[in-house]
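In numbering that gives the first Met the number 0, the protein residues as written are 0 to 289.
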Amino acid sequence: MRTHRSARLRRATEIVAFSLLGAAMFVGLLALGVILYYIISRGSGAVTWEFLTAFPRRGMTAGGIYPALVGSFYLTVGALAVALPLALGAAIFLVEYAREGVWVRVIRIGVNTLAGVPSIVFGLLGLALFVKALGIGVSLLAGALTLGLLILPLLIRTTEEALRSVPRNFREGGLALGATRWRTIRSIVLPAGLPGILTGIVLSLSRAIGETAPIMFTAAAFFTPRLPSSPLDEVMALPYHIFVMATESPNAWKTKDLQYGAVLVLVGLVLVLNLGAILLRAHARRRKVW
């Protein structure tokens, strides 16, 4: 009798738990659908080929977002160029060389803590360190360095998990064949963990391309009449372009369609990058043979 009651209680608990989870998922998807519908319905009319390939004109009340798109691309690629080598080196050291102990745990706690720091803190750090202390000034280089620091913790964690997913016998097989530890890592471990590393890279790019606070003080300009020709030039960036059109432009009421069009493009870029990460992860799972 008691066993029967216990089974009924567990069943009821499961039903309640799954119902709550389903309701939470439905609310999340509903909110996402409402937001996407609102953005698409207001911004789709503004997104044309000219909008994507033209410079702003008439006080940014007409024209397109081409320099902001190019600037966001430069900043994102620059951030990846800064962060990826550091993340790979740190992850390889933590997984392959470091002995588990207090210092390794402290490093991991520090990396996890940095991953949760608000982006505005990185923006102020970039302003103090790169713009002021190093004298780089407000520029593409300072913005890329700041965004690189922002995505570095995420890249370290995803790369570390990708390397940890490679079975130990892969390493033992390479060493048994006479390869050095570094050659084993370079020729066996890194290629085997590449799908997970690529997923982390795409997720990092999707975060970097949508950030406003880190580039507000370090790289972004309200308007530039030309594309950057040097890493020390200021650049326009899509998130900051949306911010200034909505809050600082004296003609903000005239640019509602352009604002929503730029938001739609930015959301589309982020969704495409996240979809790419999902597809990479699914492809990696299909190819795993261990």
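Cβ coordinates follow ideal geometry from the N, Cα and C atoms, glycine included.
Annotated three-state conformation of residue 209 is coil, per DSSP.
A Cβ-Cβ contact shorter than 8 Å links residue 81 with residue 143. For the region 156–218, the full-length alpha helix (DSSP H) segments reaching 4 residues or more read 167–175, 180–183, 189–208, 212–215 along the chain. Judged by DSSP secondary structure, residue 73 falls within the alpha helix (DSSP H) whose first and last residues are 65–91. By the 16-neighbour rule on beta-carbons within 10 angstroms, residue 133 is exposed. Exclusion of the five residues before and after residue 52 leaves 63, 65 as the residues of its chain whose Cβ lies within less than 7 Å of its Cβ. When the alpha-carbon of residue 260 is set against those of 244, 160, 168, the nearest one is in 244. Counting every other CB atom within 10 Å of its CB across the protein chains shown gives residue 282 a total below 16, marking it as exposed. Segment contact: the region 207–221 against the region 175–186, fewer than three CB-CB distances shorter than 8 Å; contact not assigned.
Counting along the chain, the unbroken alpha helix (DSSP H) around residue 238 starts and ends at 237–246.
Residue pairing by DSSP places residue 104 in no beta bridge whatsoever.
For residue 120, the enclosing alpha helix (DSSP H) covers residues 118–125. In the three-state scheme derived from DSSP, where H, G and I count as helix and E and B as strand, residue 22 is classed as helix. Going by beta carbons, residue 274 and residue 209 fall outside the 8 Å limit. Taking the CA atoms as reference points, residue 188 sits about 10 Å from residue 168. The three-state reading of DSSP puts residue 15 in helix, counting H, G and I together. Residue 152 sits in a helix when the DSSP states are folded into three classes. A buried status is given to residue 129, since no fewer than 16 other beta-carbon atoms sit within 10 Å of its beta-carbon.
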